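Before any comments, here is the structure.
Residue numbers (the working numbering): 1 to 78.
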């Protein structure tokens with residue numbers, strides 16, 4: 001088996017756009033190469049974060065099907 005990449009995942013929760021942009025800037029400064037946002041940010045959130053970091057690295061959004069919503073909520077409730 002050949003590994004194509006190693007992935008480290010960090011979860012950060014916020015409901016404030018300015019705070020999200022500041023966190024993204026810190027991640028970029030610390031060498032992060034890619035940001036995947038929760039689907040809840042939507043296309044506008046992806047655009048705002050990308051613009052906020054000067055488009056220095058790719059910013060995308062994750063999308064889960066409806067069947068995944070409850071398991072995700074269960075995961076995040078604690």
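Glycine included, every Cβ here is placed at the ideal spot set by N, Cα and C.
Owing to the predicted nature of the structure, the values given are computational and were not obtained by experimental measurement.
Measuring CA to CA, which of the options is closest to residue i?
i          : options        : result
residue 63 : 42, 8, 51, 53  : 42
residue 6  : 33, 59, 75, 57 : 33
residue 59 : 38, 65, 71     : 38
residue 12 : 4, 1, 27, 2    : 27
residue 72 : 53, 47, 40, 45 : 40
residue 36 : 17, 9, 44      : 9
residue 29 : 16, 48, 57, 15 : 57
residue 17 : 1, 51, 3, 4    : 51
residue 44 : 23, 24, 61     : 61
Go ahead and pull the three-state DSSP assignment for residue i.
i          : result
residue 23 : helix
residue 16 : coil
TODO: Please go through the segment 25-77 and give each complete beta strand (DSSP E) segment of 3 or more residues, from N-terminal end onward.
DONE: Listed in chain order, the complete beta strand (DSSP E) runs (minimum 3 residues) inside the segment 25-77 are 35-37, 59-61.
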